Structure formats: C-alpha cells, structure tokens
Amino acid sequence: MERAHDQIITDPILNEMAKNIEEAMKILENGQREVEERQKYILKDIPGPLQGCGQDVSSILQLIQNLMYGEEKEDSQRMHGLGERGHVTLLGHSLVAYISGLHRERVRRLSIRVQSDTTLWLCRIFRYENGSAYYHDDDREGLLRVCRLVLYSRYEDYATEGYAVLSCRHPVIYQSSACRPGLGHYLCSQLGLALSSLCTVPSSTTFGSEHQMDVSVLDRLIKDDVKSGKVPLLLIANAGTAGAGHTDKLGNLRELCDQHNMWLHVEGVNLATLALSCVTSSVLAATRCDSMTLTLGPWLGLPAVPAVTLYRHEDPALALATGLASTQVAEKLRALPLWMSLQNLGHDRIVKRIKHALRLSERLLEHLKKMTSIKTPVCHFVSYICVTVEDEVNSPIVLFKFSQETSPGSTQAISMFSTGVLQLGEQLAQQVPSSGVDLVHLEDEGSCVRFNPLMTSALLGTQDGDVDALMERIGEMVPLLSLTMCLRHEFREEVSNHSNLTYVEDLNWPGLGGIRYNPTCKDPDESKRQLLQEKINGDLLKNLQQLETEVEFSTGPEFSPEKSCIFIGMATENLDVAKLVDAIAAMGRDIEEGSKLLDNMTETVQRGIQEAERQLQKANEEKIMKEGVLRQIPVVGSVLNWFSPVQSSVNGKTFNLVAGSLDSTESIYSMKTQPVKETDLTPVFNITKQSDGKCFHFTIITPLTNPSILPECMRVTEVLFC
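Going by UniProt numbering, the residue at position 685 of the sequence shown is 685; the numbering climbs one at a time, nothing skipped.
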C-alpha cells in the first residue's frame, strides 16, 4: 500500500504533507488514548454500581430481594402479604413523590385538604375535640416538638435568649418509672437539657396498681421543685404502659397538672380503645390531656404510615416556631398515605380491627385461667402458668410466665424459673410466629411472656387459630419445663458420683445442666492437659449428637463463660437420668482410651522411623565402603558403573507394629506372588529412605481377606515423611 502511495504521489511537497498528517493523526490518537486511560483511572474512584450508564430496574429489585432474604429458601420467615390496605398505603407514598412535582398552587390546595381532613377524622374517631395534628415518622418526635412548644410558652424570652433563660429557673419533665425505656434521655439530649431536668416518679405500691404512677409522690416532688425555684414543665403519663399495659390515674393527674400549670401528655396502646363505643373511664380521661401520641400503623396494620400527635394550643405562631405546624408542602403531604388508608378502611373496619385484637387477648386470658395447675407424672410439685395482668379491663396486653410451687425459694430457684420463662418465650415465638409473643422484663414480676395483639395482630394476621396453637404449645412445654426443673437436682447428684465428670452450673441454661469430662492424664503441662480436655469433650459432644435420642446436646448459651463442656437440654417424660450420666461417662472413657492408643501408636511409629533411619544410614555407609570411593565421584563413578555395573542396593526396612521388629523388605515383595493365609492379616509398614536423604517413603501394606477387591490380596497405603 505504501509503494502504491509513493508511486501515485510524486510531488515531494504532497508527500511531506501526507507524512505530517500521519504524524498529527498519531499524536491525536495517542492523546485520545491518554484521555480514555485518564477517564478509566477516574472511574476507579466511583463505586461499582454507579459506574457507566446505570442499571435496569429489574437488576436493582433483584439486588433488594437478595439483601432482604439472602439465601433463604423457605418463605416461612418472610413478611406476610400486605393485603389491600397495605397496597393502598404504598400507593399513597408513591403519590406523594408524584404530587410533589406538580404545580405549586395545585400541591398547596391538595396538601391543605389532606391535612385538614385527616386531622378532623382522627379527632372525631379518638374523641379529641378541637385538636391539631402533627405527623411524624419517629413516634418520639411528636413529644419532642410538644416539649419545645411548652418551653416557648413558659419562658417568654426563650425565643430570643435561648438556653440562658433556663439557667435561673430549671425546667423539670416528669415521667413514670414504667415509661418506655430511654424516652426521657432522648428528650433531654434533643432539647439540650441536663439529665437533672428529668424526674422519674415511682410506681404506686398499692395492690393492683404496681405499674401506675404514684400521684401522692408526684405531688410531693412537684412542690419540692417549686420551692427550689424550678419550673414544672411537662408530665408524661401512660394509657397502657409499654410493659404491662396499665393505665395511670389520668383524672387525678389532670387535676394535678391544672393545679401546677403543667402540660399533660399521654401515650400508650390503650388509647386505641377510644375509637370504641364503650370506653372505660380511666382511658376516657385521656381526652382531657393537652396532647397524645397515636401509633396507627401497628394498630390498624398499615405499613410505614406516620405516627400522629394530637395537641391543643391557642397560639398558632408558637406551633409554627416549634415545628408542630409547617408551611412546607412536603410536611403537609406526609399525611397522604394515612388519608387514603383511613378512607379505604372506613370507621367500621377500624373499630373491627381494634375489637379483634381485644378479643384475641380475652381468648388467651380465658385459656390461661383454665391452666391454673398442671401436675407432672414424675414429681410432686405443681407447675402453673401465672397470669400477671388480670382485671385490667380493655387492655390488650396479656403477660404470663412459668412458675412453680416449691419450698421457700432461693436466689438459685428464682433464676431457674426465670430461665424457664425465657425458654418458654423463645420456643413460643419460634413455633407460633404469627402470635407475635415476645419477652419483657418487669421490675416486680421479672421476666414474662407478653402477648400484645393490638401491636402485632394486624400486621401478622393473627387469628383465633393462632391463639389456640399458642395454648397447645404452652400445654406441651409446661410439663417438660416442670419436669426439667425437678430433675436438675437429681442430675447434679448423679454427675457428682462420677470422678471423671464435673457439673457445670449455669443458671441461664433452661435444660438439665452442663457437664465436663475430665481426662485422667497427669501431664504436668497445663496447656497440654487443657488441649486434651477440649479435644475429648468436643469428640464426646459430636458422638452424643449422633445418638438417636430426644434429649438435645449442645455447647450451651452463646455467651456462656464455660468452655469445653456439654449442656443437656430439657428432659423428656421417660428420661432415666442415672443411665444418661453413666452413658456419657462411659463414652468419655472410650474416647480417652482411643486417644491414648493413638498417641502410643504415633510414638511407636516415630521410634520405628528413627530406628529405620539409623539402619538405612548404616547400610548406605557399608554400601559406599564396598563400592569404593571412586564410584562416588560424579564423572568417574559414571564411567566405572558403565564398564562395571554394581547390582547391590540398599533394601528398605519393614516395621511390624504387632511384633515391634524391623525386617528387610525382600519378604514383602515375595508376598505378592503367594496366597495369603487368613491368619496372616497383620499390617506391615515399609520404610524406605529417599535419594535426597531427607524424606522417608512410609508404606502400609494391609493383607485383605477378599481377593476380589485387589488381585494381589493386599491394600497399599503410601505416605511421605520429611
């Protein structure tokens, strides 16, 4: 091609111009490559999913599914179907994004209508007259804004001087000891107040109201704060405590707040019953409070809808300054999913869902009261389910726990029963997940199993059949728990009868208990003894887990300080504790003896290898002396070996484990051509030194009784030691 180019273009100027163009194109191409390389280098700093022109929606959705479920193959643990109401809520969230892109005036008109309608409907449904509403995602945010509103109201110069006005007259926020954990600390941290501004009021000691705020103590605390120059700011009361579902004496608290010019805020699950036609007087008093927080999402089974704080205040400017009211369109559109869901449900279905949750609680409570005593066939104790929350009318929370009538209890017995409650709660949550039961710890009652259908049933789809299944599991587990508690002492006594077993005490373990096998090794090295103990107990646990038995064996609690031990699970009806402990001790001895035999065999083989090395080295020296020094020189030795070959070689050594003797390998190879007698079935070890003088070829020749497997009637295993 270049020759044709030179022949066609004869003008030297044109030729020079063509060369210059070619050089310029090369420079431009090189510059383009440099730009591409520079862009590739820059792209290294951009995260992988963001590089290029993006990904399609299906790939992104597949990634989300993988992140949600991982490698799960079963759908049992996945979220239940959202249903019609759930899809309406999700549609509302999508419409918020769509509407926010419309013309500003249209969005303003729509947002005002949505917020005003939703506020009016909620005030009517929950009997809160002349109220305003603030919609928030965090259910604590509404109370936080209310606290700011009260600060602005009680401190006139707070808007201009800030926290300086609080230094002379410290504000005080009062909360019950039964209030949900962390709420007071959250308020103080967000408001910039010292923790001394938070006052926790103890619960009443009167029988039947252990979870209610003590009004007399609160009155005394307020008067003491007023005398010391502090400002009683706000009181947080409960209409259904987070743990037990108790309602404070809201009527008395309202009078006390009016007397000291305090703001009364109420929250709790029992506020949902305000939507019913018949409401108890204790809950109805909540309608007189200054503000209340409603969590409609879990109550009605509406995913991702905001919580609502209803409040009454005459100054809209202060509400706007504190964020309870807003002129931002996006803030007002936050109520759109709830606006759509409430219309889709209607008043009848709202009431129906709340009544359904209350009926589930009543159904479970009736069943539990019938289980006042369950006698087990082995022990003479009486085990029973203790219902800790009774006579709390219209409270959807039911608490119960496993207990047992024994002799005057000790700390150990109380811990054992608490462990039984934990086991009961965990098993019920795993076996009947649609019931929504969980564990809660109360100061006076300890650990309890909580059934709160108003917070879980709408989302989980809990029905009467789930309550029946829950009761069936309780009926199955309580006798086993009771039997296990009775047999723990017997198990401990049986373990103490074996010198090679040690009982491991762990009050957090709900089963029979833990044991540790102690080997009889007297090695002075502590680390070696510990390693041997860990190995034997590990092998013992594996062997026990392979047994076909109803008793479970494991390593115990996840964070247990005890190591190298075996924990036995709950007892079964036909369990013989003595035979179980004897079997564990015997199995441990067998494993220890097998370990000793293996160690002895290893030591014997090592001694045999050392002796074989010594004999092979001696035979090699004799061979060198016999052949002469000249044959060891590389070039001269090759010439001599070519003229006069040497047939002698160093024979391998055979180490017989049974006889403990070292012999020549000549008889081994002759065995391959002779029939093997059934009586001569001893494994033979052939040890041959390699040419480099550093490694040994270790061959195990095992005669077989079945010639069809191997024609030579023996199995050969070769190992190389260096």
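Beta carbons are placed, not taken as given, at the ideal position from N, Cα and C, and that holds for glycine.
Keep in mind it's a predicted model, so treat the numbers as computed, not measured.
- Thr89 and Trp299 have their C-alpha atoms spaced approximately 14 Å apart.
- Cys168 sits in coil when the DSSP states are folded into three classes, being neither helix nor strand.
- In the structure shown, Cys278 falls within a coil segment according to DSSP collapsed to helix, strand and coil.
- Burial check for Thr604: the Cβ neighbour count within 10 Å stays below 16, so the residue is exposed.
- Beta-bridge partners of Phe126 (DSSP): none assigned.
- The criterion of a C-beta distance shorter than 8 Å is not satisfied by Cys448 and Leu454.
- C-alpha of Ile60 to C-alpha of Gly182: approximately 37 Å in a straight line.
- Ile354 is classed as buried because its beta carbon has at least 16 other beta carbons within 10 Å across all chains shown.
- 8 Å or more divides the Cβ of Arg104 from the Cβ of Gly323.
- Here DSSP, grouped into helix, strand and coil, assigns Ser132 to strand.
- Between the alpha carbons of Ala275 and Arg220 lies a gap of roughly 35 Å.
- By the beta-carbon neighbour count (other beta carbons within 10 angstroms, threshold 16), Val305 is buried.
- The criterion of a C-beta distance shorter than 8 Å is not satisfied by Ile112 and Leu333.
- Around the beta carbon of Gly184, a 10 Å sphere encloses 16 or more other beta carbons of the protein chains shown; the residue is thus reported as buried.
- Collapsing the DSSP output to three states places Met262 in coil.
- Fewer than three pairs of CB atoms, one per stretch, sit closer than 8 Å, so the stretch 509-517 makes no contact with the stretch 460-477.
- Distance between Leu296 and Met485, taken at the CA atoms: about 42 Å.
- Leu360 places its beta carbon less than 8 Å from that of Ser457.
- As the crow flies, the alpha-carbon of Asp248 is around 13 Å from that of Tyr174.
- In the structure shown, Arg516 falls within a strand segment according to DSSP collapsed to helix, strand and coil.
- When the beta-carbon positions are compared, Leu342 and Trp121 come within less than 8 Å of each other.
- The C-beta distance from Val551 to Gly569 rounds to 6 Å, short enough to fall under 8 Å.
- In the structure shown, Arg106 falls within a helical segment according to DSSP collapsed to helix, strand and coil.
- By the C-beta density criterion, Ser527 is exposed, having fewer than 16 other C-beta atoms within 10 angstroms.
- For Ala237, DSSP records a beta bridge to Val266.
- Scanning its chain for C-beta atoms nearer than 7 Å, with the 5 sequence neighbours on each side dropped, one finds around Ala469 the residues Val432, in chain order.
- In the three-state scheme derived from DSSP, where H, G and I count as helix and E and B as strand, Met371 is classed as coil.
- One Cα belongs to Leu191, the other to Met262, and the distance between them is close to 18 Å.
- In this structure, Ala307 sits away from Gly131, with a CB-CB distance that is not shorter than 8 Å.
- Between Thr118 and Trp339 a beta carbon distance of about 5 Å is seen, short of the 8 Å cut, so the two are scored as contacting.
- DSSP links Gly446 through a beta bridge to Leu442.
- Taking 8 Å as the cut-off, the Cβ atoms of Tyr163 and Thr287 do not count as close.
- Collapsing the DSSP output to three states places Met625 in a helix.
- Linking Ala244 to Gly514 through their CA atoms gives a straight-line distance of about 34 Å.
- Taking a C-beta distance under 8 Å as the contact criterion, Leu310 and Leu294 qualify as a contact pair.
- Looking at the backbone, the Cα of Asp139 and that of Asn270 are separated by about 16 Å.
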